[in-house]
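In numbering that gives the first Met the number 0, the protein residues as written are 0 to 229. Glycine included, every Cβ here is placed at the ideal spot set by N, Cα and C.
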Amino acid sequence: MSGTTIDFLVHTGGTATRQPVTLRRLVIAGWTGRDPVARDKHIAELEELGIPRPATTPIYYEVAASRLTTADGIEVSGGDSSGEVEFVLVQSGGRLLVGVGSDHTDRKVETYNITVSKQMCDKPVAPELWLVDDVAAHWDKLMLRAYATIDGERVLYQEGALSGMLAPADLVARRHGQAGLPEGTAMFGGTFAAKGGIRPADRFEFELADPVLNRVIRHGYAITQLGIAG
């Protein structure tokens, strides 16, 4: 299991240090909403694209950790993929950290095999992490946002507070029990419905905002479509 090593700026207790973090496992959690109405809205949104309902909620997909990237651009096959903002939990050095990423997914492939669709695309993440303990007391106030550039126009694509998602302890426990997130594992924590529906973009930007400590983690990437020969 080779995985990948990413150089993150890690914030803990008011200090920030740049640290290499080796990740050997990547898990994408889906349908993680606390609110069943909002969760079912996202499920219905995907059903409109022909994507079947999940067998369970939440559901966990294993993806190669080598798909994680902090690059400012990715290449995809054809024009049927799109990003979606998610908080990202990282277990490293005995600490649980949180950042933000995009579960970029091929929507056409997703209609017949969700796991394969997620494996097909790189998973951009911001090169910055916060200590979960530093935000635990106000976790529900953290905000996720995404902006998509579509036909030259930058639009607000997704927005929501983490109060709408399963909290870290619950999310991890449903997958790993009381053992916690394994060392060297990254877990994407779920997403919100897209404003105006799921659609491809030329550029995707995403952020995790902390209104209590007045800080934001941001990242963005361009999407280059590769031709499909047949």
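Name the residue from the options whose alpha carbon lies nearest to the alpha carbon of residue i.
{"i": "A136", "options": "T4, H41 and P210", "result": "P210"}
{"i": "E85", "options": "R198, A200 and A185", "result": "A185"}
{"i": "Q18", "options": "P199, R202 and R94", "result": "R94"}
{"i": "T56", "options": "I5, R33 and I222", "result": "R33"}
{"i": "A125", "options": "G195, A54, G100 and E46", "result": "G100"}
{"i": "L165", "options": "F191, E61 and A54", "result": "F191"}
{"i": "A168", "options": "A70, I5, I197 and L96", "result": "L96"}
{"i": "Y220", "options": "Q118, E152, V75 and D71", "result": "D71"}
Do you know how far the Cα of residue j is from the Cα of residue i?
{"i": "T3", "j": "R24", "result": "9 Å"}
{"i": "T68", "j": "R173", "result": "26 Å"}
{"i": "E158", "j": "A228", "result": "36 Å"}
{"i": "T110", "j": "E44", "result": "12 Å"}
{"i": "E206", "j": "G98", "result": "9 Å"}
{"i": "P199", "j": "K107", "result": "11 Å"}
{"i": "V154", "j": "E83", "result": "14 Å"}
{"i": "K194", "j": "G77", "result": "23 Å"}
{"i": "H218", "j": "M119", "result": "21 Å"}
{"i": "I58", "j": "L180", "result": "16 Å"}
{"i": "N7", "j": "T16", "result": "The identity of residue 7 in the sequence shown is Phe, whereas the question assumes Asn. Going from the Cα of F7 to the Cα of T16 covers about 8 Å."}
Counting C-beta neighbours from all protein chains within 10 Å, is the total for residue i 16 or more, i.e. buried, or is it exposed?
{"i": "Q90", "result": "buried"}
{"i": "A208", "result": "buried"}
{"i": "Q177", "result": "exposed"}
{"i": "L225", "result": "exposed"}
{"i": "G29", "result": "buried"}
{"i": "P123", "result": "buried"}
{"i": "S116", "result": "buried"}
{"i": "G189", "result": "buried"}
{"i": "S232", "result": "Nothing about residue 232 can be read from this structure; the chain reaches only from 0 to 229."}
{"i": "R52", "result": "exposed"}
{"i": "E204", "result": "buried"}
{"i": "D102", "result": "buried"}
{"i": "T21", "result": "exposed"}
{"i": "A64", "result": "buried"}
{"i": "R214", "result": "exposed"}
So, are the CB atoms of residue i and residue j less than 8 Å apart?
{"i": "D79", "j": "D105", "result": "yes"}
{"i": "V26", "j": "L128", "result": "no"}
{"i": "D150", "j": "G12", "result": "no"}
{"i": "I197", "j": "I113", "result": "no"}
{"i": "L161", "j": "W138", "result": "yes"}
{"i": "I222", "j": "I73", "result": "yes"}
Next item on the list: Please specify which runs of the alpha helix (DSSP H), each continuous and at least 4 residues long, are wholly inside the stretch 35 to 102, giving them in chain order.
Entry: 35 to 46
Check: Unbroken beta strand (DSSP E) runs of length 3 or more, entirely within the stretch 140 to 200: which are they?
Finding: 142 to 149, 152 to 160 and 184 to 187
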